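Have a look at the structure below, then the notes.
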Ligand code: HPA
Ligand code: MG
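Numbering (full-length UniProt numbering), first residue to last: 1 to 220.
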């Protein structure tokens with residue numbers, strides 16, 4: 001999840017924009033795990049829409065980077081599902097055409113959220129030695145890019161591209177936006193599709209808004 005102040009919407013290559021007054025779909029219209037009943041307010045992006053958008057991002061990445069050897073750097077934990085689905089779609093495109101991308105996949109872990117608040121002490125866990133990136137193109141997926149990008153740049157890759165499923169419109173600017181964006185969303189805490197609230201809701205396919213009951217239930 002990326003944060004941005006909403007002042008440069010034209011930046012994105014036709015990003016799907018979800019407006020502030022979008023109430024979301026009623027949960028009754030979709031299926032979701034029964035253990036979360038009462039814990040969610042609405043579905044803001046159904047799983048199928050995420051998959052359709054991801055397919056198109058894969059196409060865009062393919063158009064830009066085909067014929068490159070790339071290192072995919074998946075940012076755990078929240079980025080794992082998006083990364084897996086994006087890599088799958090790129091693989092599908094590589095299998096069905098003469099344009100191919102050779103991919104290696106690495107993982108890095110960033111942690112900064114407690115409950116629904118971002119904490120200052122962001123830390124990078126695992127894969128600190130990124131020297132394998134030297135001279136490679138990278139597609140990162142995940143959150144808290146600024147810190148990570150600085151770290152990644154120090155290993156001197158040839159090209160860095162960032163893919164993010166969600167960009168959140170927030171009042172203050174993080175000045176660091178992905179090259180490939182799935183959806184621009186309102187400034188609300190969302191869960192599902194590997195995004196968590198204290199490790200819960202990763203087992204939910206849709207991207208949803210958590211309810212007050214849900215927040216209380218899983219608060220630590
Ligand atoms: N949900 C889950 N994790 C997050 C979010 C969010 O809305 N924003 C940043 N990390
Ligand atoms: Mg989290």
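The beta carbon of each residue, even a glycine, is placed where N, CA and C say it ideally should be.
Predicted, not measured: the structure shown is a model, and the values here were computed from it.
**Asked** For residue 219, does the count of other Cβ atoms within 10 angstroms reach 16, so buried, or fall short, so exposed?
**Response** exposed
**Item:** For residue 210: DSSP bridge partner residues
**Value:** 40
**Message:** For residue 134, which residues in the same chain have their Cβ closer than 8 Å to its Cβ, ignoring the five residues on either side in sequence?
**Reply:** 155, 156 and 157
**Message:** Checking 7 Å against the spacing of the C-beta atoms, do residue 53 and residue 182 come in under that value?
**Reply:** yes
**Prompt:** What's the C-alpha gap between residue 197 and residue 40?
**Reply:** 12 Å
**Prompt:** Is residue 78 near the ligand MG, with its Cβ less than 6 Å from a heavy atom?
**Reply:** yes
**Prompt:** What separation, rounded to the nearest whole angstrom, lies between the Cα atoms of residue 59 and residue 199?
**Reply:** The C-alpha of residue 59 lies about 31 Å from the C-alpha of residue 199.
**Asked** Name the DSSP beta bridge partners of residue 164, please?
**Response** 181
**Prompt:** Roughly how many angstroms lie between the CA atoms of residue 93 and residue 28, to the nearest whole one?
**Reply:** Rounded to the nearest whole angstrom, the CA to CA distance from residue 93 to residue 28 is 35 Å.
**Asked** Where residue 98 and residue 70 are concerned, what is the direct C-alpha to C-alpha distance, given to the nearest angstrom?
**Response** 17 Å
**Asked** Any heavy atom of the ligand HPA closer than 6 Å to the CB of residue 40?
**Response** No, the Cβ of residue 40 stays beyond 6 Å of every heavy atom of the ligand HPA.
**Prompt:** According to the Cβ coordinates, are residue 209 and residue 45 closer than 7 Å?
**Reply:** Result no, Cβ atoms of residue 209 and residue 45 do not sit closer than 7 Å.
**Request:** Give, in chain order, every unbroken run of the alpha helix (DSSP H) that is at least 4 residues long and sits entirely within the stretch 35-113.
**Result:** With a minimum length of 4 residues, the continuous alpha helix (DSSP H) runs that stay inside the stretch 35-113 are 47-65 and 80-95.
**Message:** Measuring straight from C-alpha to C-alpha, what distance separates residue 66 and residue 125?
**Reply:** 30 Å
**Message:** Considering only DSSP beta bridges, list what residue 192 is partnered with.
**Reply:** According to DSSP, residue 192 bridges with 195.
**Boundaries (first-last residue) of the alpha helix (DSSP H) holding residue 145** = 145-153
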